[in-house]
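Sequential numbering of the sequence shown, starting at 4, is according to the numbering used here. Idealized CB from N, CA, C, for every residue including glycine.
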Amino acid sequence: VTVLRNWASFSFSGLLSWLKEHQENSNILSECSAWQEKILENEEAIALSRRDKTIQHVEVFCYASQDLDEDVEEAGALQKNHASVTSAKSTEAADSACLPTEDESLSTASCEIPTEQTPRSDPKNALEVNDVETTGEKENRRDDKTCVPSTSEEETSENVPIAEDTAEQPKKNRITYSQIIKEGRRFNIDLVSKLLYSRGLLIDLLIKSNVSRYAEFKNITRILAFREGRVEQVPCSRADVFNSKQLTMVEKRMLMKFLTFCMDYEEYPDEYKAYEEISFSEYLKTQKLTPNLQYFVLHSIAMTSETASSTIDGLKATQNFLHCLGRYGNTPFLFPLYGQGELPQCFCRMCAVFGGIYCLRHSVQCLVVDKESGKCKAIIDHFGQRIIAKHFIVEDSYFSENTCSRVQYRQISRAVLVTDKSVLKSNSDQQISILTVPADEPGAFAVRVIELCSSTMTCMKGTYLVHLTCTSSKTAREDLEPVVQKLFTPYTETEIEIVHKGAFTFTQVKKLLHSQERISNNSFLFELPE
Numbered sequence: 004v005t006v007l008r009n010w011a012s013f014s015f016s017g018l019l020s021w022l023k024e025h026q027e028n029s030n031i032l033s034e035c036s037a038w039q040e041k042i043l044e045n046e047e048a049i050a051l052s053r054r055d056k057t058i059q060h061v062e063v064f065c066y067a068s069q070d071l072d073e074d075v076e077e078a079g080a081l082q083k084n085h086a087s088v089t090s091a092k093s094t095e096a097a098d099s100a101c102l103p104t105e106d107e108s109l110s111t112a113s114c115e116i117p118t119e120q121t122p123r124s125d126p127k128n129a130l131e132v133n134d135v136e137t138t139g140e141k142e143n144r145r146d147d148k149t150c151v152p153s154t155s156e157e158e159t160s161e162n163v164p165i166a167e168d169t170a171e172q173p174k175k176n177r178i179t180y181s182q183i184i185k186e187g188r189r190f191n192i193d194l195v196s197k198l199l200y201s202r203g204l205l206i207d208l209l210i211k212s213n214v215s216r217y218a219e220f221k222n223i224t225r226i227l228a229f230r231e232g233r234v235e236q237v238p239c240s241r242a243d244v245f246n247s248k249q250l251t252m253v254e255k256r257m258l259m260k261f262l263t264f265c266m267d268y269e270e271y272p273d274e275y276k277a278y279e280e281i282s283f284s285e286y287l288k289t290q291k292l293t294p295n296l297q298y299f300v301l302h303s304i305a306m307t308s309e310t311a312s313s314t315i316d317g318l319k320a321t322q323n324f325l326h327c328l329g330r331y332g333n334t335p336f337l338f339p340l341y342g343q344g345e346l347p348q349c350f351c352r353m354c355a356v357f358g359g360i361y362c363l364r365h366s367v368q369c370l371v372v373d374k375e376s377g378k379c380k381a382i383i384d385h386f387g388q389r390i391i392a393k394h395f396i397v398e399d400s401y402f403s404e405n406t407c408s409r410v411q412y413r414q415i416s417r418a419v420l421v422t423d424k425s426v427l428k429s430n431s432d433q434q435i436s437i438l439t440v441p442a443d444e445p446g447a448f449a450v451r452v453i454e455l456c457s458s459t460m461t462c463m464k465g466t467y468l469v470h471l472t473c474t475s476s477k478t479a480r481e482d483l484e485p486v487v488q489k490l491f492t493p494y495t496e497t498e499i500e501i502v503h504k505g506a507f508t509f510t511q512v513k514k515l516l517h518s519q520e521r522i523s524n525n526s527f528l529f530e531l532p533e
């Protein structure tokens, strides 16, 4: 039995409902104790909480322009039947997904229309990439050749940022709150959003288990850096480095030499053994890299802490980044269409093929543990029904602090934004970007920013879904609002430009540092990903 609560993806109205439900549950003063009558003499119960104490300091703001529409409802929304609720999106996604052929292991796409399948010579690593660019109402489809980065001028110019045109441009219609509500089903907002390394353990698991047949992925198109008050695109592949106009010829040679060393740094221990005790940022200074290159390597390639990461940690992170380049595209990252909430659904579909059973809208009251063996025998749901299983996997938010007394936690601050303008303008409005904003103050932490376009099926056309994450030092708002103010412009009634900031949410999440805790001999505690 696996008990889940927060690993989910929401439509816009669904997210608002979840926030309201979370607020109501946080005000519950007492838990139901009717299940205690179901416990036998040789059993003991571990109560599960209805209140999710791992989520704190939730704040919601809206900067989108308001209109005169009242009582706006989500287009195509269905009435909820509390006795039985099914997910229409899951069914539609399963029916319309681009299923790979027998010669394919994993498919990535960025469009709503299934694309043609192309056999690959290596079924273990094959992945079809179909990038779709939308300009106005016209959509042009093209195929990206993977594994070998293209150096053609036509392809490399696609992701090159362009300067803001000072000439007067046609005024775009503002995105209003009622539009977001009406198109709410176009949103798939993850509580947890992260990118996947193309050679990471999860991608390998999806391929080996054949779960990949139910999923589609899109390449991350840009890796960005925030330096000296502006956002820049970081060259990371060989083609990007030699086509970059940001670097001088000397810097290009220096960067390629250092990255080549990092690919097989274990073979050259004399190059780093003397620097193992210092931080990676200090080690980069010894390599005679320019400040520009040091910044790119530290914050956008290795993506490590400026003070906390050792030389070995930085070299390993850089090596992992480089090993993942070229497998499916010019960046090492993939993102699943419809968001991270699609991945559990893919595993559920595979599980259903082998007879898996799902109990929706069943809240669990307690775990039943045998006193003699110390094993969990069953769970009791809110209907008073005992459900028996051999193993139990439970999310940590269900347990009290006393139950998880040996578990160490840390706080993660998150923010989710709906915007109508990218953090870095380019020739295409269908860019998926990752950006690291370094900390300004000692003791603070760098903020990771993921910007998703509408072709990821996570937001409506003309908008972007932006996730900000960092380790907490204060409240979520205090940690992330300065970064929001740097990257985005709030809406004002007198503003001539289009709305740059839509609606956003601040949340603070308690995270496990050690997730190998066992509640009983056959039950396991697990955490949500960062």
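Around the C-beta of residue i, are 16 or more other C-beta atoms found within 10 angstroms, so that it is buried, or is it exposed?
i: Ser-113; result: Only weak support is given to the placement of Ser-113: the predicted model assigns it a pLDDT of 37, under 50, and the value that follows is read from those uncertain coordinates. Ser-113 is buried by the Cβ-count criterion.
i: Gln-182; result: buried
i: Pro-238; result: buried
i: Gly-446; result: exposed
i: Thr-310; result: exposed
i: Gln-236; result: buried
i: Pro-272; result: exposed
i: Gly-17; result: buried
i: Ile-391; result: exposed
i: Ala-91; result: At Ala-91 the pLDDT is 36, less than 50, meaning the model places this residue with poor confidence and gives no usable figure here.
i: Met-460; result: buried
i: Val-300; result: buried
i: Thr-289; result: exposed
i: Arg-256; result: exposed
i: Gln-343; result: buried
i: Glu-186; result: buried
i: Asn-246; result: buried
i: His-394; result: exposed
i: Arg-364; result: exposed
i: Gln-39; result: exposed
i: Leu-204; result: exposed
i: Ser-458; result: buried
i: Ala-277; result: exposed
i: Thr-263; result: exposed
i: Val-502; result: Since pLDDT at Val-502 reaches only 35, below the 50 mark, its modelled position is unreliable, and the value read off the structure follows with that caveat. Looking at its Cβ environment, which holds 16 or more other Cβ atoms inside 10 Å, Val-502 is buried.
i: Leu-43; result: exposed
i: Pro-339; result: buried
i: Thr-307; result: buried
Taking the DSSP output, what are the residues bridged to residue i?
i: Thr-439; result: Ala-228, Arg-451
i: Arg-233; result: Arg-230
i: Ser-240; result: DSSP output for Ser-240 lists no bridge partner at all.
i: Ser-12; result: Asp-193
i: Tyr-467; result: Thr-422
i: Glu-47; result: Val-372
i: Leu-562; result: Because the chain in this structure spans residues 4 to 533, residue 562 falls outside the shown range and cannot be described.
i: Ser-457; result: BP columns for Ser-457 are empty, so no partner.
So residue i and residue j are in contact, right, with Cβ under 8 Å, and what is the actual spacing, rounded?
i: Cys-349; j: Tyr-217; result: 4 Å
i: Cys-351; j: Tyr-361; result: 7 Å
i: Ile-281; j: Ile-435; result: About 35 Å; that fails the 8 Å criterion.
i: Lys-41; j: Gly-387; result: 6 Å
i: Glu-444; j: Ser-425; result: The pair is not a contact, with the Cβ atoms about 27 Å apart (cut-off 8 Å).
i: Glu-550; j: Val-372; result: Given that the chain is displayed from residue 4 to residue 533, the structure contains no residue 550 and the question cannot be resolved.
i: Leu-346; j: Phe-220; result: Not a contact, Cβ separation roughly 10 Å.
i: Leu-438; j: Phe-229; result: 6 Å
i: Ser-284; j: Ile-226; result: Going by Cβ atoms, the distance from Ser-284 to Ile-226 rounds to 19 Å, so no, they are not a contact pair.
i: Phe-448; j: Ser-476; result: 6 Å
i: Arg-413; j: Thr-474; result: 7 Å
i: Cys-327; j: Ser-201; result: 5 Å
i: Gly-465; j: Ile-184; result: Between Ile-184 and Gly-465 the Cβ distance is about 15 Å, and since that is not below 8 Å, they are no contact.
Please tell me whether residue i has its Cβ less than 8 Å away from any Cβ of chain D.
i: Glu-309; result: Protein chain content of the structure displayed is limited to a single chain, and chain D is not contained in it.
In chain order, each alpha helix (DSSP H) run of at least 4 residues that lies wholly inside the stretch 176–231: Listed in chain order, they are 180–185, 204–211.
Segments assigned alpha helix (DSSP H), at least 4 residues, entirely inside the stretch 367–403: Qualifying alpha helix (DSSP H) stretches: none in this window.
Segment contact flag, the stretch 324–338 with the stretch 348–364, C-beta cutoff 8 Å, min 3 pairs: No, the stretch 324–338 does not touch the stretch 348–364.
Complete alpha helix (DSSP H) runs within the stretch 469–495 (minimum length 4 residues, chain order): Given a length threshold of 4 residues, each whole run of the alpha helix (DSSP H) inside the stretch 469–495 is given here in chain order: 479–490.
Cβ contact (3+ pairs, closer than 8 Å) linking the stretch 184–192 and the stretch 317–324: The stretch 184–192, when compared against the stretch 317–324, does not touch it at the 8 Å Cβ threshold.
Continuous alpha helix (DSSP H) assignments of at least 4 residues falling wholly in the stretch 255–327: If one requires a minimum length of 4 residues, the alpha helix (DSSP H) runs lying completely within the stretch 255–327 are 283–289, 294–299, 314–327, in chain order.
Contact between the stretch 480–492 and the stretch 199–217 (3+ Cβ pairs under 8 Å): No: fewer than three Cβ pairs fall under 8 Å.
Any 3 or more C-beta pairs closer than 8 Å across the stretch 398–411 and the stretch 194–210: Between the stretch 398–411 and the stretch 194–210, the count of C-beta pairs closer than 8 Å stays below three; the two stretches do not touch.
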